[in-house]
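Engineer:
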Amino acid sequence: MRRVSAVVAVLLLAVLAPTAAGAAFSQQSVDADVVVMTADVTASGDAAWTIDYRVRLSDDNETQAFEELQADIRANESVYTDRFHDRMNRTARAGENATGREMAIDNVSVETSQESVGQSYGVVTYEFRWTNFAAVNDTHIRAGDAVAGLYLDRNTSLTMQWPSEYRSESVRPSPDEEGARSVTWHGRQSFGEDEPQVVVTNESQPFGDDVGQLSSLVGLLGLGLALLVLAVAGYGVYRYVRADEPDGADDAVAAADTEGGDDSAASDTDTPPAELLSNEEQVLKLLRENGGRIKQQRVASDLDWTAAKTSQVIGGLREEGDVETFRIGRENVVTLPDTDLTDGADGGSEDE
Numbered sequence: 432m433r434r435v436s437a438v439v440a441v442l443l444l445a446v447l448a449p450t451a452a453g454a455a456f457s458q459q460s461v462d463a464d465v466v467v468m469t470a471d472v473t474a475s476g477d478a479a480w481t482i483d484y485r486v487r488l489s490d491d492n493e494t495q496a497f498e499e500l501q502a503d504i505r506a507n508e509s510v511y512t513d514r515f516h517d518r519m520n521r522t523a524r525a526g527e528n529a530t531g532r533e534m535a536i537d538n539v540s541v542e543t544s545q546e547s548v549g550q551s552y553g554v555v556t557y558e559f560r561w562t563n564f565a566a567v568n569d570t571h572i573r574a575g576d577a578v579a580g581l582y583l584d585r586n587t588s589l590t591m592q593w594p595s596e597y598r599s600e601s602v603r604p605s606p607d608e609e610g611a612r613s614v615t616w617h618g619r620q621s622f623g624e625d626e627p628q629v630v631v632t633n634e635s636q637p638f639g640d641d642v643g644q645l646s647s648l649v650g651l652l653g654l655g656l657a658l659l660v661l662a663v664a665g666y667g668v669y670r671y672v673r674a675d676e677p678d679g680a681d682d683a684v685a686a687a688d689t690e691g692g693d694d695s696a697a698s699d700t701d702t703p704p705a706e707l708l709s710n711e712e713q714v715l716k717l718l719r720e721n722g723g724r725i726k727q728q729r730v731a732s733d734l735d736w737t738a739a740k741t742s743q744v745i746g747g748l749r750e751e752g753d754v755e756t757f758r759i760g761r762e763n764v765v766t767l768p769d770t771d772l773t774d775g776a777d778g779g780s781e782d783e
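Each residue of the sequence shown is one higher than the one before, counting from 432 in the numbering used here.
1) Tell me which residues share the same chain as Val754 and place their Cβ nearer than 8 Å to its Cβ, disregarding the 5 neighbours each side in the sequence.
2) Just the Cα atoms here: how many angstroms apart are Phe511 and Val539?
3) Specify, as a first and last residue, the run of the alpha helix (DSSP H) that Phe757 falls within.
4) Given that a residue counts as buried once 16 or more other Cβ atoms are within 10 Å of its Cβ, and exposed if not, what is Gly580?
5) Counting only runs of 3+ residues fully inside the region 531-603, write out the beta strand (DSSP E) ranges in chain order.
6) Using beta-carbon positions only, say whether Ser551 and Leu500 come within less than 9 Å of one another.
7) Between which two residues does the beta strand (DSSP E) harbouring Arg749 extend?
8) Quick check on DSSP: helix, strand or coil for Arg485?
9) CB Glu596 to CB Asn633, shorter than 9 Å?
10) Taking Thr494 as part of the alpha helix (DSSP H), name the residues at either end of that continuous run.
11) Taking the beta carbon of Arg585 as the centre, do at least 16 other beta carbons fall within 10 Å, making it buried, or is it exposed?
12) Let me confirm a value: Pro604 is counted as buried when at least 16 other C-beta atoms fall within 10 Å, else exposed. Which label applies?
13) Can you name the start and end residues of the beta strand (DSSP E) that Ala470 belongs to?
14) Can you say whether Phe757 is buried or exposed, counting buried as having 16 or more other CB atoms within 10 angstroms of its CB?
See the structure below:
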């Protein structure tokens, strides 16, 4: 299915076929000198696309040719947007076949302008929305598969942007420019059959969509209320039973505790539930339960964390001196300080 990428490339770039004044524009050999493509991907997976076709206006003839095209576009805007819409729909169908996601192109518009930044340019700008351009789940956006294999010629660039609350997790191939919420590739460049690929994550949204968040929040509040009621009822029963005990019972219990209580039982009550532990405490608890060492991959598996989150938490513990790490082959092993590594330092005795 990835062979559709060649069709995607042609259809995505070939949108200025000459008609009317556009014919004069073409006949005078005034072609786009720079093409700037930008896909602003949203958390829903839709993308707001902008494609700028920039033409150098080096002399009066080129300026006149662009002005004629500009006048024709303004007078016949629907002709240009309809033609562009048809071609982009075919591009979306190719992406739909390649990814299995249902896609659509809408909200197509076209504008023209002239600008001067050291060099005068005539600019034709198409904007549109590409529905389901990216794959999304509760915490990740994966973009790029809809245009996999795209070829950028030497005058073309592609930029992908994502929401500010997300951070980059992986980008392939390495971009020519990278910002806090964007990456850019410049031509000439031919992407592989699974490129470009941009994966960003938002780990601050643990409950998924709005409905899931509300349901989870209500569930947590209900659980907390139930625990509070049980605690109050238990304390009432405790006070009632203690009130019926003979005088001096408190002193006898205190004396028994002092003379030799069950240390292991006391220790158990001092250990908070796992859900109340911080990320760092969960890692340290897991280390203690596994003899002071464990493979980093096992930490991610046991705690159901992503590799990125696991690496971040362990990195913080290492900087504080709470853990140490070393590599065995291609795997990282995490240990408590001063752990004896001579006894099979394979990251724990657990089966993996």
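Backbone N, C-alpha and C fix where the C-beta goes; we use that ideal spot for every residue, glycine too.
Structural biologist: With the structure as the only source:
1) Val714, Leu715, Leu718, Ile745, Leu748, Val765, Thr766, Leu767 and Pro768
2) It is Tyr, not Phe, that sits at residue 511 in the sequence shown. The straight-line gap from Cα to Cα measures roughly 10 Å.
3) Unbroken run through Phe757 is the beta strand (DSSP E), Glu755 to Ile759; no alpha helix (DSSP H).
4) buried
5) 535-547, 551-562, 571-574, 587-592 and 598-603
6) no
7) Per DSSP, Arg749 belongs to no beta strand (DSSP E); it is in the alpha helix (DSSP H), Ala738 to Glu750.
8) strand
9) yes
10) Asp491 to Ala506
11) exposed
12) exposed
13) Val465 to Val472
14) exposed
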